[in-house]
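Undergrad: These protein sequences, in sequence, are chains X and R.
For the first sequence, the residue numbers in full-length UniProt numbering are 1 to 492.
For the second sequence, the residue numbers in full-length UniProt numbering are 1 to 490.
Where is the CB? At the ideal position from N, CA and C, for every residue including glycine.
A single structure is presented below for examination.
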Amino acid sequence: MTLSNGYPAQTVIGLEVHVQLKTETKLFCGCSTTFGAPPNTQVCPVCLGLPGALPVMNDAAIELSIRAGLAIDCSIPPMTKWDRKQYFYPDLPKGYQISQFDLPICADGFIEIPDPADPDSTRHIGILRAHLEEDAGKSMHDEAAGRSDTRIDLNRCGTPLLEIVSQPDMRSSAEAKAYLQELKLRMTHLGISDCEMQEGSLRVDANVNLHIEVDGKKIATPIVEVKNMNSFRAVERAIEHEVDRQYDLWEETGKTIDDESKTTRGWDDNAGITFLQREKEESADYRYFPDPDLLPIRLPIERVEAARANLGELPGAIRIRLAQQYGIKPYDADVIVNQGPDLIAYFESAATGSGDGKRTSSWIQQDVMRTLKDRDIGIGEFPVDADSLGKLLEKVASGELDNARARDVFAHMIETGQSVEAAITALGIESVDNSELETLCQELLDANPQVAEDFKAGKQQAVGSLIGQAKKKNPNANPQQVRETLIKLLQG
Amino acid sequence: MLDSALEILRLQSAGEATAVEIAGAALDAIEASQPTINAFTHVDREAALSAAAAVDAKRAAGGRLGPLAGVPVAVKDVLCTRDMPTTCSSRMLKNFRPPYDAGVVERLRAADAVIVGKTNMDEFAMGASTENSAFGVTRNPWDTTRIPGGSSGGAAACVAAGTVPLSIGTDTGGSIRQPAAMCGVTGLKPTYGRVSRYGLIAFASSLDQVGPIGWSVPDVALMMQTIAGYDARDSTSLNLDISHYTEVLSSHDLRGLKIGILRESMDRDGVDDSVRQATLDAADVFQSIGAEMVEIDLPHNDYWVPTYYVIAPCEASSNLSRYDGAHYGHRTSDLSDSDKLGPLVTTYCRSRAEGFGDEVKRRIMVGTYALSEGYADQYYSQALKVRRLIKGDYDAAFSQVDLLLGPVTPTPAFPLGQKVDDPIQMYLCDLFTVGANLAGVPAISLPAGLDASGLPVAVQLQAPVLEESRLLFAGAAFQSVTDHHKRRPS
Ligand SMILES: [Zn+2]
Chain X
1 MTLSNGYPAQ TVIGLEVHVQ LKTETKLFCG CSTTFGAPPN TQVCPVCLGL
51 PGALPVMNDA AIELSIRAGL AIDCSIPPMT KWDRKQYFYP DLPKGYQISQ
101 FDLPICADGF IEIPDPADPD STRHIGILRA HLEEDAGKSM HDEAAGRSDT
151 RIDLNRCGTP LLEIVSQPDM RSSAEAKAYL QELKLRMTHL GISDCEMQEG
201 SLRVDANVNL HIEVDGKKIA TPIVEVKNMN SFRAVERAIE HEVDRQYDLW
251 EETGKTIDDE SKTTRGWDDN AGITFLQREK EESADYRYFP DPDLLPIRLP
301 IERVEAARAN LGELPGAIRI RLAQQYGIKP YDADVIVNQG PDLIAYFESA
351 ATGSGDGKRT SSWIQQDVMR TLKDRDIGIG EFPVDADSLG KLLEKVASGE
401 LDNARARDVF AHMIETGQSV EAAITALGIE SVDNSELETL CQELLDANPQ
451 VAEDFKAGKQ QAVGSLIGQA KKKNPNANPQ QVRETLIKLL QG
Chain R
1 MLDSALEILR LQSAGEATAV EIAGAALDAI EASQPTINAF THVDREAALS
51 AAAAVDAKRA AGGRLGPLAG VPVAVKDVLC TRDMPTTCSS RMLKNFRPPY
101 DAGVVERLRA ADAVIVGKTN MDEFAMGAST ENSAFGVTRN PWDTTRIPGG
151 SSGGAAACVA AGTVPLSIGT DTGGSIRQPA AMCGVTGLKP TYGRVSRYGL
201 IAFASSLDQV GPIGWSVPDV ALMMQTIAGY DARDSTSLNL DISHYTEVLS
251 SHDLRGLKIG ILRESMDRDG VDDSVRQATL DAADVFQSIG AEMVEIDLPH
301 NDYWVPTYYV IAPCEASSNL SRYDGAHYGH RTSDLSDSDK LGPLVTTYCR
351 SRAEGFGDEV KRRIMVGTYA LSEGYADQYY SQALKVRRLI KGDYDAAFSQ
401 VDLLLGPVTP TPAFPLGQKV DDPIQMYLCD LFTVGANLAG VPAISLPAGL
451 DASGLPVAVQ LQAPVLEESR LLFAGAAFQS VTDHHKRRPS
């Protein structure tokens, strides 16, 4: 990338991703983490920070964090501890957040992503750390009718978050998006998080600046942290906007990282711009210290190794295996893997039953996924189970059913939940035996002498006009078989 | 005899008094003493009488009664009670009614104790004189011109005044033992983690511990038996079996027990002769009933108070940040001239300025400073290192002796107002007590005589972690051959 004044520039992006862990209860109390409950109904003395209440560790959050760490190739240290991060905030009832400072639960990992600039290579994105912390509540500002009330909902207080901090290794908005997609895929695949950005279970902050080479020396523009982005698209757009803005600003003012400390900006999705939120004249002093209410957590190597053994196959490995094992294209394997473990299992068992991976993959991507989308259901609720789809496609592969008839059968199975055989019977589909088909074809040839003549004159496609007629006389006749039989008869 | 829980239990089972009569007598005594002593921040006559009536009904129906059935008990106002205000003697929490009971309070109720009310204290348990209370000072029943000690001043004074036989205090740097010593009663600070902190409004979480105050060791043992034990709601609670505290008290023979006397610390400047003499006399008593006395030293003794006065304020500054005027507690009504900081920051600042007293503000400031960037290494981290050395001293000492004997306070109770403007002098009241909190070991304060002006003087025994029964055993033996604990204020 080159600036208008001719200097080469590189974009530098680091992401901080907050992933809400899929635990039944909060990090330090027994309150439910279900999204969308009426305000302040999922609270107790502990998560409200009432005087005298004490936190008690939810072990499920530790287990999920270990899984998450292993999924992004982090090391899990033998001991981790809790620290208090102090700041006053209306959504933070204790006046401090229980978080992890110097001994996070996961450290030093990485993710390989496809290189958006080169489809044949990958990019290695380092992960600095991932630490566990409790979420804060939510303020709702009600400025209607000239009032300026703020209502506070503390339902979210104490919900477990894993903050995954990348190295500043990304060089474009496309890489940032690819990183987020891969991260989300791994977290959802392993059941660590739902990663629903609309529900706030995945939140992204992006640190962006430019490295500009001026006369052989590298100059960095001031780092900007963009907060509050609620879609991957927004992250991409915000980064792109920030890159442009920082170019212009540097050309205009020449300000570098040494002249200005990190600032925080928000993202206005409608206007497509970032806006200044907070100028950190001096960095916030959170006065971290070890939380005396919680003991350090020992994570013996046996526990980490047991979690590793239970992790199962990761999406990247599954993608490669599906392509090889079922003979499908990497793109198709990717589509299936991105749908999550249940659909992968569905595909594998249907493909095994049909004996035709390509056909199964294409049916799942077209017919199955379309129905899921139309009905807004998951594969678990899909009325046709994997075995039945396998059986149906096996019939197509063996020529017993043509594609069009198979679609009718499939539609019937979805509507009624019947088995393949029952659906075929219900639709009156019978297999047509060879002698029956020959009789039918002979009758058609006798009635249409012109076709035989054309054929003998070298126009093989002339038989095509008879296929439709055969189908009319016997809807069960397989068009391919009809064609083959006609040719056989004509060739005598 | 309203000042012995065991006697109260006997009276009831012998049919000589009902729980209602006993509660009524306690409530009358409290009412009579309140104008002079002011040991209570809240007394609930009705609730106490109905709890007592429930005990009587249960007894009449032949139901199983708890170990403290019908015994009036007072609770320091730092422990949450569902049916009474819990104020920490602070304007900040003046109207706070917790929606839940502290773990200790639950256990007292389950033991059929009759909770009569909440006792006065130094605000948020910060102080050594109970003069830092938003609800007025508590006075020492032995001499009402003097302080009762702190911060559990109300809890010690209500026992000393003969209004209840037992009370619950908390001890962060000596807050049970020091007022117990100054009020001539017996107070036990258990091992850190032995008694649940759930529902104890935190001052310094790594040091706070709940414990009993009473006239005699057997009474204190009885209450300890009730309140000790694991609570899953407190992560620092020890999940270990508890000893049978009440069963170790029968033998008065200390042969085979080695007690180290902390001679060096006694000979410091500022330690009153009466205190030194009482300790030496107590050593003679222990020797006379079979204990072997040796002199011993805890080398980092000089660092106890400075270490404590870094760690405790650091934790306090964090624990007290929840009182921001937004969620509960005192909120300022004055948002005038808030343009500069905005209404939110103004709410925080003014609510805290109005809600907290001077000592609390002082410690918040000290703690905030000591934890701040650039100073944390110099103060907080350094204090944690010294704390480990102090623990090491205790480990070394307890590899040589079974118990440590020394003073509790440098002086007997001093006049009200004497040290109120001199925080350093006030902090030195904790000279002998903070070591046990820093190391997490149990310690007991035992009445050991009266000084020339008739004020109580006490001695302290300290034991290795979880050896409360050793303290109670030695303390009961001491009380079986002395009558210091039987003296009463006139
Ligand atoms: Zn809760």
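Counting only runs of 4+ residues fully inside the region 190–277 of chain R, write out the alpha helix (DSSP H) ranges in chain order.
TA: 217–227, 263–266
Undergrad: In angstroms with no decimal places, state the Cα-to-Cα distance between residue 498 (chain X) and residue 333 (chain X).
TA: Past the boundaries of the shown model lies residue 498 (chain X); chain X is included only from 1 to 492, so the question cannot be answered.
Undergrad: Among residues of its own chain, excluding the 5 on either side of residue 294 (chain R), which ones have a beta-carbon nearer than 8 Å to its beta-carbon?
TA: 258, 259, 260, 261, 400, 401
Undergrad: Compare the C-alpha of residue 285 (chain R) against each of R:204, R:69, R:252, R:363 and name the closest.
TA: R:252
Undergrad: Could you check if residue 353 (chain X) belongs to the surroundings of ligand 1, using beta carbon to heavy atom distance under 7 Å?
TA: no
Undergrad: Please state whether DSSP places residue 262 (chain X) in a helix, a strand or coil.
TA: coil
Undergrad: Return the chain-ordered ranges of every beta strand (DSSP E) run that is complete within the region 385–413 of chain R and spans a minimum of 3 residues.
TA: 403–407
Undergrad: Can you find a CB in chain X that lies within less than 8 Å of the CB of residue 190 (chain R)?
TA: no
Undergrad: For residue 238 (chain R) and residue 287 (chain X), what's the separation of their Cα atoms in angstroms?
TA: 29 Å
Undergrad: Pull every residue with its beta-carbon under 6 Å away from any heavy atom of ligand 1, and keep them in chain order.
TA: X:26, X:29, X:31, X:43, X:44, X:46, X:47, X:158
Undergrad: If we ignore side chains and look at the alpha-carbon of each, how far apart do residue 265 (chain R) and residue 489 (chain R) end up?
TA: Straight across, the Cα-Cα distance linking residue 265 (chain R) with residue 489 (chain R) is about 29 Å.
Undergrad: Mind pulling the beta strand (DSSP E) runs of 3 or more residues that sit fully within the region 83–166 of chain R?
TA: Fully contained in the region 83–166 of chain R are the following beta strand (DSSP E) runs of length 3 or more, in chain order: 114–119.
Undergrad: Please classify residue 95 (chain R) as buried or exposed, where buried requires at least 16 other C-beta atoms within 10 Å of its C-beta.
TA: exposed
Undergrad: Please determine if the region 429–448 of chain X and the region 476–488 of chain X are in contact, where contact requires at least 3 C-beta pairs separated by less than 8 Å.
TA: yes
Undergrad: Looking at chain X, is there any beta carbon in it that lies within less than 8 Å of the beta carbon of residue 321 (chain R)?
TA: At a cut-off of 8 Å between C-beta atoms, residue 321 (chain R) counts as an interface residue with respect to chain X.
Undergrad: With distances taken Cα to Cα, identify the nearest neighbour of residue 208 (chain X) among X:257, X:93, X:201.
TA: X:257
Undergrad: Within 8 Å (strictly less), CB to CB, does residue 88 (chain X) reach chain R?
TA: yes
Undergrad: In whole angstroms, what separates the C-alpha of residue 386 (chain R) from that of residue 311 (chain R)?
TA: 11 Å
Undergrad: Alpha helix (DSSP H) containing residue 170 (chain X): first to last residue?
TA: Neither: residue 170 (chain X) is in no alpha helix (DSSP H) and is coded neither H nor E.
Undergrad: Once DSSP output is grouped into helix, strand and coil, what is the label at residue 96 (chain X)?
TA: strand
Undergrad: Distance check for residue 155 (chain X) and residue 64 (chain X), CA to CA, integer angstroms please.
TA: 21 Å
Undergrad: So which residues on chain R does residue 79 (chain X) lean against when the C-beta distance must stay under 8 Å?
TA: Neighbours of residue 79 (chain X) on chain R: none; closest Cβ ~16 Å, over 8 Å.
Undergrad: Please report how far the alpha carbon of residue 129 (chain X) lies from the alpha carbon of residue 426 (chain X), in whole angstroms.
TA: 59 Å
Undergrad: List in chain order: all unbroken beta strand (DSSP E) runs of 3+ residues lying wholly within the region 422–465 of chain R.
TA: 443–450, 456–462
Undergrad: Can you give me the start and stop residues for the beta strand (DSSP E) that residue 241 (chain X) sits inside?
TA: It is not in any beta strand (DSSP E) - residue 241 (chain X) instead sits in the alpha helix (DSSP H) that spans 232–253.
Undergrad: Give the secondary structure of residue 22 (chain X) by DSSP, where H, G and I count as helix, E and B as strand, and everything else as coil.
TA: coil
Undergrad: To the nearest angstrom, how far is it from the Cα of residue 368 (chain R) to the Cα of residue 318 (chain X)?
TA: 52 Å
Undergrad: Within its chain, find whatever has a CB closer than 7 Å to the CB of residue 270 (chain R); leave out the 5 residues flanking it on each side and keep chain order.
TA: 410, 428
Undergrad: Taking a contact to mean a Cβ-Cβ separation below 8 Å, would you say residue 159 (chain R) touches residue 30 (chain R) in this structure?
TA: no
Undergrad: Determine whether the Cβ of residue 203 (chain X) lies closer than 8 Å to any Cβ atom of chain R.
TA: no
Undergrad: For residue 464 (chain R), collect the residues of the same chain with a Cβ closer than 7 Å to its Cβ; drop the 5 residues on either side in sequence, then sort them by chain order.
TA: 398, 441
Undergrad: Count the C-beta pairs between the region 96–114 of chain X and the region 329–349 of chain R that are closer than 8 Å, then say yes if the count reaches three, no if not.
TA: no
Undergrad: Between which residues of its own chain and residue 133 (chain X) is the CB-CB distance below 7 Å, once the five residues before and five after are set aside?
TA: 97, 98, 99, 100, 161, 163
Undergrad: Counting Cβ pairs closer than 8 Å, one from the region 163–182 of chain R and one from the region 120–130 of chain R, do we hit at least three?
TA: Two segments are said to touch when three or more pairs of C-beta atoms, one from each, lie closer than 8 Å; by this definition the region 163–182 of chain R touches the region 120–130 of chain R.
Undergrad: Mind checking if residue 233 (chain R) is an interface residue toward chain X, Cβ cutoff 8 Å exclusive?
TA: yes
Undergrad: Helix, strand or coil: how does DSSP classify residue 469 (chain X) here?
TA: helix
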